[in-house]
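Protein chains in written order, with my numbering: chain A, 1 to 362; chain B, 1 to 152; chain C, 1 to 375.
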Amino acid sequence: MAFNIYDFTSFTQSIDEALYEWLPPFWALIVEMTIIGLVFLIGYAIIGLFLVYAERKVCAFMQNRVGPNRVGPYGIFQTIADFIKLLMKELVYIKNSDKLLFNIAPFIVIIASFMAIAAIPFAKGLHAIDFDIGIMYVIAVTSLGVVGVLLAGWSSNNKYSLIGAMRSGAQIISYELSVGLSLLTIIVLAGTMQFSEVVELQSSGWFIFKGHIPACIAFVIFLIASTAETNRGPFDLAEAESELTAGFHTEYSGIKFAFFFLAEYMNMFIVASIAATVFLGGWMPFHIGSWEGFNYVMDFIPPLFWYFGKTAFIIWLMMWFKWTFPRLRIDQLLNLEWKYLLPINLVNILIMAFIVLMGWHF
Amino acid sequence: MEAEKLKEKILEIVPEAQLEENKQFPTFLIPSGKFKSLATRLKEEKDLDFDYLFCLTGVDWGTELGVVYHFTSTSFNHSLELKVKTENRENPEFDTVADLWRTAEFFEREVWDLFGIRFTDHPDMRRIFLEEDWVGYPMRKDYTDEVNIVEL
Amino acid sequence: MKEIINLPVRSIEEEEYHINMGPQHPSTHGVLRLVVTLQGETVMKVQPHCGYIHRGIEKMCEKDTYQQIIHLTDRMDYLSAHINNHAVCLLVEGALEVEVPERVKYIRTIVDELNRIASHQLWWCSFGMDLGGLTCFFYGLRDREHILDIFEESFGSRLLHSYYAPGGLMQDIHPNFQKRTKDFIKYFRKKIKDYDNILSGNVIFENRSQGIGVMSKEEAINYGVCGPSGRASGWECDIRKKYPYAMYDKVDFREVLSDKGDTYARYMVRIDEMRESMKIIEQLIDNIPEGDYSVKMKPIIKLPPGEYYQRVESARGELGIYCISDGNKTPVRMKFRTPSFVNLGVLDKLSRNMKIADLVAIGASLDLVIPDIDR
Chain A
1 MAFNIYDFTS FTQSIDEALY EWLPPFWALI VEMTIIGLVF LIGYAIIGLF LVYAERKVCA
61 FMQNRVGPNR VGPYGIFQTI ADFIKLLMKE LVYIKNSDKL LFNIAPFIVI IASFMAIAAI
121 PFAKGLHAID FDIGIMYVIA VTSLGVVGVL LAGWSSNNKY SLIGAMRSGA QIISYELSVG
181 LSLLTIIVLA GTMQFSEVVE LQSSGWFIFK GHIPACIAFV IFLIASTAET NRGPFDLAEA
241 ESELTAGFHT EYSGIKFAFF FLAEYMNMFI VASIAATVFL GGWMPFHIGS WEGFNYVMDF
301 IPPLFWYFGK TAFIIWLMMW FKWTFPRLRI DQLLNLEWKY LLPINLVNIL IMAFIVLMGW
361 HF
Chain B
1 MEAEKLKEKI LEIVPEAQLE ENKQFPTFLI PSGKFKSLAT RLKEEKDLDF DYLFCLTGVD
61 WGTELGVVYH FTSTSFNHSL ELKVKTENRE NPEFDTVADL WRTAEFFERE VWDLFGIRFT
121 DHPDMRRIFL EEDWVGYPMR KDYTDEVNIV EL
Chain C
1 MKEIINLPVR SIEEEEYHIN MGPQHPSTHG VLRLVVTLQG ETVMKVQPHC GYIHRGIEKM
61 CEKDTYQQII HLTDRMDYLS AHINNHAVCL LVEGALEVEV PERVKYIRTI VDELNRIASH
121 QLWWCSFGMD LGGLTCFFYG LRDREHILDI FEESFGSRLL HSYYAPGGLM QDIHPNFQKR
181 TKDFIKYFRK KIKDYDNILS GNVIFENRSQ GIGVMSKEEA INYGVCGPSG RASGWECDIR
241 KKYPYAMYDK VDFREVLSDK GDTYARYMVR IDEMRESMKI IEQLIDNIPE GDYSVKMKPI
301 IKLPPGEYYQ RVESARGELG IYCISDGNKT PVRMKFRTPS FVNLGVLDKL SRNMKIADLV
361 AIGASLDLVI PDIDR
């Protein structure tokens, strides 16, 4: 790296060392965890609120509307106002619902997305935990969200919710395969599952360029499958407002509904940042092989900018899908996964393995 | 088929039918007992081929209750109007034509709902607009409802 | 113990359950209630329950004069209000044997077709929305707004106009009417391509609609499914061609037909009908003759005793009015044969053994307007 000012390793390290110097190790750990927790909580809320605002503006742009424009300049405080409204709303008590599961479900959904965000590197040295199986961890944790969705549908004592939950279960479990396999294609190329290493390896070029066609195919499949995994249109069958009113969260109100809502957007952010990290180099600037001068100029742009730029681009792509395509039917959705994406993916991994064996990648 | 020939044909099938003059369509008053057999022949005979029941109306003529059927043939493009009447206001009943023209299923339910005319062998003889426990048949001329109807 | 053994064994596949779609449901476009019997996601049976917006218009008509009845017909199929008014006007004029001026016929035809386009636009946007493409909704409403603006300027209201009166029109058209209509046609010729781009050619849309809810021509006739839905099954049921009224026998237009009979065909027929309507308007808009906008009618209209049947092609299909008069100022019986009511009857037949999502698509493709069902 040419610019150490953008390297957060020494910064985080110095905080860590200072804490351990002042406090006994146990309390230092507790304080550290609290700080990280708070930072993530605030970041989570800000990103979530911003994404809701962004979606409303993007869809307004696509539907030749203005979008929110009343609260604050350009309506940027609209989502905050909405959130306050949701906080103050009554939590409707549902007769004959399974109260424990009904109350737990939104938390499961939101905790799953919260856990996944821990492993994502925002910049060099700026991530909570750098697992050596980071990618595997993220796949495992994001799929926990479906448990919350299933519980929500089951415990609401509402047939629409139940249909939505069952759809969601079938859908997420199927598309999990494609997400995993398309990431596996890149793992074959990278030879590691650690996010920091995956990013470092892309300093000479992003994996989507390095891995020839198989990487591009994997990227497209990941995009499709992750859109389905986050329950977003055109795969929003779990909610399918014109069929199931609101699907699994029909009976939720107030802050519990807001949790589902926020978790949906955060899941979108998480899959977009995984796509950005694994395929588009994460916070790594755009480098071309041995063009020293070009790479040097690119390094001037801070990594957080690169990271959020790429993520925003992928989120924008997903919003574009959502607001232009009609919704699929459940059997077509499963056909797409099991008959098309999965076989393509398996062949794709083989090709990628062959390319790596022959050393044909850059 | 020409209107005159059609009239002759109907009178041939049901001699008791009364022809009504000066109407938009050839119009007959059919005795309710003969109606179902006539309807079946209208639907099934090749040169009549009345395959489209475009309107089915329940009417209260004051003393008589009845149903007016409008048929047309999409192949020959001739139309026919049939009426059945009854003076039984307590329990009026006619044969259903919902098995011949499926479009009659909803029309007949509407007539039952608003006029209280039953159709025998109808597959689903329930009220269609009003609640099941509604008392009376609102479209009848002698229906009174002091609470809900505002007299102009 | 014995009783338990004697219980009938039921497998999971036999388990049926019901869900209530409506009266408040996003895809029933109003207060229609469908009791859907389901096996898993497969629809076994659909039972429509109507009457949530039943106002007894037919009963009210028995107390009203013919001029007043026109205002009630607006409220039946509120999306093609002009066409409903037209039916009553034609009925009264036919019974009294009044010949309306040429100008009135021209204006009525143009306004009817504008109304038909507006209705199809709203159908298109709600169809897209039912299939999950929310953007369609705003595209359709954007273009419909232009027509409503024209209506507002000329007739003073946007939805329930009551513009036609027996013997002619309530008032003359606004001086801007012709220019704005021509501008709209020019504008919409470009914009209708958007409709094709965003929905018609989309792979997901084609998969969702092709081969779904197939209705043969015989079924369409037997169930009386008229209008664009019937024509999608290859049934030539356009009243404008079969029993021409107003200017329809003098203008050149194509009766849009399709032989597929599925949801996609019903969709394409309506899209093409919008093009045909524009063609009709273009032929007439420059040639509106000068003259009176109404003939003098008696303040109290009394139809001669007798029975009258009048039909027009509304945006949803054949609208028939059967009227029995005894010579008084109010009719003895006024029956509205509304297209949505008849088309609803086929919903159960078409959506059996389909998925819930298909039920929504089929319902949307039949273009049901709930006040038109309930009256």
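Where a beta carbon is used, it is the ideal one built from N, C-alpha and C, also for glycine.
It should be emphasised that the depicted structure is a prediction, and the values quoted were computed from it without experimental measurement.
Counted within 10 angstroms of its Cβ, other Cβ atoms place residue i as buried (16 or more) or exposed
i, result
"Arg254 (chain C)", "exposed"
"Tyr322 (chain C)", "buried"
"Leu159 (chain C)", "exposed"
"Met1 (chain A)", "Caution applies to Met1 (chain A), whose pLDDT of 45 falls short of 50 and renders its modelled position unreliable; the value that the coordinates give is listed next. Classification of Met1 (chain A): exposed, given that the 10 Å Cβ count is below 16."
"Gln171 (chain C)", "exposed"
"Asn328 (chain C)", "exposed"
"Leu244 (chain A)", "buried"
"Asn115 (chain C)", "buried"
"Ala18 (chain A)", "exposed"
"Ala3 (chain B)", "exposed"
"Lys2 (chain C)", "With a pLDDT of 48 at Lys2 (chain C), under the threshold of 50, the predicted position of this residue should be treated as unreliable, and no value is reported."
"His18 (chain C)", "exposed"
"Asn91 (chain B)", "exposed"
"Met268 (chain C)", "buried"
"Gly213 (chain C)", "buried"
"Met358 (chain A)", "exposed"
"Glu218 (chain C)", "exposed"
"Gln310 (chain C)", "buried"
CB-CB length for residue i against residue j, believed under 8 angstroms
i, j, result
"Arg316 (chain C)", "Asp372 (chain C)", "7 angstroms"
"Thr27 (chain B)", "Lys85 (chain B)", "Rounded, the Cβ-Cβ distance is 13 angstroms, inconsistent with contact."
"Gly37 (chain A)", "Met266 (chain A)", "Contact flag wrong, Cβ pair sits at about 15 angstroms."
"Arg33 (chain C)", "Pro23 (chain C)", "5 angstroms"
"Ala123 (chain A)", "Pro303 (chain A)", "4 angstroms"
"Leu151 (chain A)", "Leu101 (chain A)", "5 angstroms"
"Asp143 (chain C)", "Gln121 (chain C)", "5 angstroms"
"Val141 (chain A)", "Val198 (chain A)", "Not a contact, Cβ separation roughly 17 angstroms."
"Phe222 (chain A)", "Leu183 (chain A)", "7 angstroms"
Neighbouring residues, chain C, relative to residue i (Cβ below 7 angstroms)
i, result
"Trp323 (chain A)", "Leu134, Thr135"
Partner residues on chain B for residue i, Cβ-Cβ distance less than 7 angstroms
i, result
"Gly56 (chain C)", "Pro138"
Chain A residues whose Cβ lies nearer than 7 angstroms to that of residue i
i, result
"Ser27 (chain C)", "Ser242, Glu243"
"Phe205 (chain C)", "Pro326"
Residue i: contacting residues in chain B (beta-carbon distance under 9 angstroms)
i, result
"Val342 (chain C)", "Phe54, Thr103, Phe106, Phe107"
"Gly376 (chain C)", "As shown, chain C starts at 1 and ends at 375. That puts residue 376 (chain C) outside it, with no answer to give."
"Ile377 (chain C)", "Outside the shown range of chain C, which is 1 to 375, sits residue 377 (chain C), and nothing can be said about it."
"Asn20 (chain C)", "Per Cβ cutoff of 9 angstroms: no residues; Asn20 (chain C) is ~16 angstroms from chain B at best."
Partners in chain C for residue i, counting only beta-carbon separations shorter than 9 angstroms
i, result
"Leu233 (chain A)", "According to the sequence displayed, residue 233 (chain A) carries Gly and not Leu. Result: Gly132, Gly133, Leu134."
Neighbouring residues, chain C, relative to residue i (Cβ below 8 angstroms)
i, result
"Leu65 (chain A)", "Note that residue 65 (chain A) corresponds to Arg in the displayed sequence, not to Leu. What Arg65 (chain A) touches in chain C: Phe138."
Chain B residues whose Cβ lies nearer than 8 angstroms to that of residue i
i, result
"Gly189 (chain C)", "Just to set this straight, residue 189 (chain C) is Arg in the shown sequence, not Gly. Neighbours of Arg189 (chain C) on chain B: none; closest Cβ ~34 angstroms, over 8 angstroms."
"Gly345 (chain C)", "Arg102, Thr103, Glu105, Phe106"
"Arg333 (chain C)", "Thr57, Val59, Asp60"
9 angstroms Cβ cut-off: residues of chain A touching residue i
i, result
"Ile198 (chain C)", "Thr324"
"Glu282 (chain C)", "Result: empty, since nearest Cβ-Cβ is about 26 angstroms, beyond 9 angstroms."
"Asp358 (chain C)", "Arg329"
beta-carbon residue i near the ligand NAD non-hydrogen atom, thresh 8 angstroms
i, result
"Leu244 (chain A)", "Although the ligand NAD was asked about, the structure shown includes no ligands whatsoever."
Contact list for residue i against chain A, beta-carbon separation under 8 angstroms
i, result
"Gly128 (chain C)", "Pro326"
- Message: Runs of 4 residues minimum, wholly inside the region 200-287 of chain A: which ones carry the alpha helix (DSSP H) assignment?
- Response: 207-210, 212-229, 241-244, 254-279
- Query: In the region 49-75 of chain B, which residues sit with their C-beta less than 9 angstroms from some C-beta in chain C, listed in chain order?
  - Reply: Asp51, Tyr52, Leu53, Phe54, Cys55, Leu56, Thr57, Gly58, Val59, Asp60, Trp61, Gly62, Val68, His70, Thr74
- Task: Give, in chain order, every residue of the region 109-134 of chain B whose Cβ lies closer than 7 angstroms to some Cβ of chain C.
- Result: Ile128, Phe129, Leu130
- Contact residues within the region 22-34 of chain B, judged by C-beta distance below 8 angstroms to chain C: Asn22, Lys23, Gln24, Phe25, Thr27
- Taking a cut of 7 angstroms between CB atoms, which residues from the region 140-171 of chain C lie near chain A? Arg142
- Message: At 3 residues or longer, what runs of the beta strand (DSSP E) sit wholly inside the region 319-345 of chain C?
- Response: 333-337
- May I ask you to list, following chain order, the residues of the region 229-259 of chain C that have a beta carbon less than 9 angstroms from some beta carbon of chain B? Trp235, Glu236, Cys237, Lys242
- According to a CB-to-CB cut-off of less than 8 angstroms, which residues of the region 53-64 of chain A neighbour chain C? Cys59, Met62, Gln63, Asn64
- Item | Residues, ordered as in the chain, of the region 154-186 of chain A that lie near chain C by beta-carbon distance below 9 angstroms | Lys159, Tyr160, Ile163, Met166, Arg167
- Taking a Cβ distance cut-off of 9 angstroms, strictly less, list which residues of the region 319-350 of chain A are near chain C, in chain order. Lys322, Trp323, Thr324, Phe325, Pro326, Arg327, Leu328, Arg329, Ile330, Asp331, Gln332
- Item | Members of the region 63-86 of chain C near chain B, C-beta cut-off 8 angstroms | Lys63, Asp64
- Taking the runs of the beta strand (DSSP E) that are 3 residues or longer, which of them lie wholly in the region 169-241 of chain C? none
- Task: Could you name each continuous alpha helix (DSSP H) segment of 4 residues or more that falls completely within the region 292-317 of chain A, going from the start of the chain to the end?
- Result: 292-299
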